[in-house]
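Each position in the sequence shown, counted from 1, maps to that position plus 1314 in our numbering. For glycine and all other residues, C-beta sits at the position ideal for the given N, C-alpha and C.
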Amino acid sequence: MFAHSSPEPSFRESVDIMFNRAVALLDLPPGLAEKIRVCNATYTVRFGVRLRGEITTFTGYRAVHSEHMEPVKGGIRYSLGVNQDEVEALAALMTYKCALVDAPYGGSKGGLTIDPLAYDEHELEQITRRFAYELIKRDLIHPSQNVPAPDMGTGEREMAWIADQYQRMNTTDINARACVTGKPVSGGGIEGRTEATGRGVQYALQEFFRHPEDIHSVALSGSLDSKAIIVQGL
């Protein structure tokens, strides 16, 4: 085992390292690369919810990386590992992913520092609705400005609660259901959303293994059919 001469970069720093490698291949005007790189704003909200006879305080985040196109788009995750560094890194990746496929959205990401397995469904609904309330009143959830989606620790159930909370707070907004994606089909969602991320990975891998030079560049060989797949994040 080799000792590291310097600390491992943070998630955000790792994203910046990859960004800088890409920028080195481009001819960008002075200052533009830095403008693209930085996260425009990160909001931290803290709120209390009465649970089991006492008030528990939670910390949530919503990072907005780029508003070059609106609405900005990006999931909301529930995990004890959620922090500012993580949501800013993920928001940046959302900007870059959308730009790569010409999706007309800026990048955003949010999360709540919580272990979702520590609470029952009723408690999670209370927590989710209060978190949504804090974001909605700041226009950090809005059909034309900032549209969340499911992420690690959240799913269509949480999106349904958030959409309902938005509708309650914006009764005249005819586009209220568009405030989040990843809702259940019965609540305005679309077929195929649940498996969409995994299907995208499948298509990307299939395309990658069509190019021998790319396979060789990462010291692999053979076809996708012969490979074992490790799934991270379950």
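- Query: Do you know offhand how far GLY1388's Cα is from GLY1536's?
  - Reply: 35 Å
- Query: Name the DSSP bridge partner or partners of THR1373?
  - Reply: ARG1360
- Task: Report buried or exposed for ALA1406, applying the criterion of at least 16 other Cβ atoms within 10 angstroms of its Cβ.
- Result: buried
- DSSP three-state call for SER1540: helix, strand or coil? helix
- Message: Using a Cβ-Cβ cutoff of less than 7 Å, which residues in the same chain neighbour ARG1391 once the five nearest sequence positions on both sides are dropped?
- Response: GLY1425, ASP1465, MET1466, GLY1467 and THR1468
- Runs of alpha helix (DSSP H) wholly within the region 1436-1517 (minimum 4 residues, chain order): 1470-1483
- Message: If I measure Cβ to Cβ from PHE1523 and keep anything under 7 Å in the same chain, skipping five residues before and after, which residues do I get?
- Response: ILE1529, SER1537 and LEU1538
- Item | Rounded C-alpha distance that separates ARG1364 from LEU1340 | 52 Å
- Task: Determine, using beta carbons only, whether ALA1474 and PRO1457 come nearer to each other than 8 Å.
- Result: no
- Secondary structure of MET1315, DSSP reduced to three states: Low per-residue confidence applies at MET1315: pLDDT is 42, beneath 50, and the placement is therefore not dependable, though the value from the model is reported in the following sentence. DSSP places MET1315 in coil when its eight states are reduced to three.
- Item | Spatial neighbours of VAL1494 in its chain, beta-carbon cut-off 8 Å, leaving aside the 5 residues before and after | ILE1455, VAL1461, PRO1462, ALA1463, MET1473, ILE1476, ALA1477 and TYR1480
- Message: Spatial neighbours of ARG1366 within its chain, please: C-beta separation below 7 Å, excluding the five flanking residues on both sides.
- Response: none
- Message: So HIS1379 and ASN1397 are supposed to be a Cβ contact under 8 Å. How far apart are they, rounded?
- Response: At roughly 16 Å, the Cβ-Cβ gap does not stay under 8 Å, so HIS1379 and ASN1397 are not in contact.
- Beta-carbon contacts of GLY1496 that lie in its chain and below 7 Å, excluding the five residues immediately before and after: ALA1463, PRO1464, GLU1470, MET1473, GLY1503 and ARG1507
- Message: In the DSSP assignment, the beta strand (DSSP E) including SER1422 goes from what residue to what residue?
- Response: 1420-1427
- Query: When burial is assigned at 16 or more other CB atoms within 10 Å of the CB, is ALA1338 buried or exposed?
  - Reply: exposed
- Task: Count the other C-beta atoms from every protein chain shown that fall within 10 angstroms of the C-beta of ALA1533, then say buried if there are 16 or more, exposed otherwise.
- Result: exposed
- Item | Sub-8 Å separation of ARG1326 and GLU1402 beta-carbons | yes
- Item | Closest residue to TYR1419 among GLU1368, GLN1459, GLU1509 and TYR1375 (Cα-Cα distance) | GLN1459
- Tell me whether THR1486 counts as near the ligand SAM, meaning its Cβ is closer than 7 Å to at least one heavy atom of that ligand. The ligand SAM is not part of the structure shown, which contains no ligands of any sort.
- Task: Give every residue of the same chain whose Cβ lies closer than 7 Å to the Cβ of ARG1444, excluding the five residues on either side of it in the sequence, and list them in chain order.
- Result: PHE1361 and VAL1363
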